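What follows is a single structure, written as structure tokens, with notes after it.
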Amino acid sequence: MANKTPTKITGNTTLTYSPITLQQSPSCSPKNLTGLPRVAKDIAADVYNSIQKWNDSHIQGASVVKQIINLKCNNKERYPNGLEELINELDEVVHRLSLHGSSISFLSNQISSLSRLHKEQIPLFISLTALELSNLVDNIAKAYKSELMVKRYILENIGHSRNENEAMFHGACWVYQQYITNKINLQLEVLLTETGHRQIQ
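Using this note's numbering, read the sequence shown as starting at 2 and increasing by one per residue.
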């Protein structure tokens, strides 16, 4: 039996509902992806992996920052013994964060080049064009670049904290990550879902 479009009668008017057919994402195909979709999917995976490495370093840094705060708060000296070693350890963490942030920026440049190659205003996967995917990665890269600047500020200033309040403020800034907002996390999820790394619920 052929499928019929359902109708609804309201008063003297008959409304007809037309079904919508969504384009199947190339990432759902059993065949291996090739061309621009393959490149875009790989970039999305690399962005995700770089962010996971950032998160690991961020957690390590939070532990070091906590040690610095405890050291500063439990000593009367402004620059107690052991502070320099902890600052050096935090410097290594910030260096790793810088590498991860640079990786995300590099990937943003890559997908921007991809969007210039794929100028058609049709979805590359499910619903987003190459340009829209590029904009997602660009927003993510800018957020992590801004957050890296905060991390560098904390590195340069937490050791000079004059009192407990200043030290705690620097610690809160490290942990909170004001530029890595829910919106940025949502854009990452959209990127992963669009490219087939996340299943649509």
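Cβ coordinates follow ideal geometry from the N, Cα and C atoms, glycine included. Bear in mind that the values here come from a model prediction, so they are computed numbers and not experimental data.
Less than 8 angstroms divides the Cβ of residue 196 from the Cβ of residue 41. Closest by C-alpha distance to residue 181, out of 160, 149 and 198, is 149.
Of the candidates 70, 67, 174 and 123, the residue whose Cα lies closest to the Cα of residue 38 is 123.
Closest in alpha carbon position to residue 102, among 127, 66 and 55, is 55. With a minimum length of 3 residues, there is no unbroken run of beta strand (DSSP E) contained wholly in the region 122–147.
Setting aside the 5 residues that flank it on each side, residue 66 is surrounded in the same chain by 172 and 175, each with a C-beta closer than 6 angstroms to its C-beta; the list follows chain order. Residue 159 and residue 199 have their C-alpha atoms roughly 39 angstroms apart. No Cβ-Cβ contact shorter than 8 angstroms links residue 88 with residue 189. DSSP, reduced to helix, strand and coil, places residue 195 within a helical segment of the structure shown.
Under the three-state reduction of DSSP, residue 114 is assigned to helix. Relative to the Cα of residue 86, the nearest Cα in the group 169, 116, 156 and 201 belongs to 156.
Taken atom to atom, the span from the alpha-carbon of residue 61 to that of residue 94 is near 7 angstroms. By the criterion of at least three beta-carbon pairs nearer than 8 angstroms, the region 108–118 is in contact with the region 130–144.
Residue 167: member of the alpha helix (DSSP H) spanning 165–177, first to last residue. Shortest Cα-Cα distance from residue 179 to any of 99, 97, 162 and 144 involves 144.
Per DSSP, reduced to three states, the secondary structure at residue 85 is helical.
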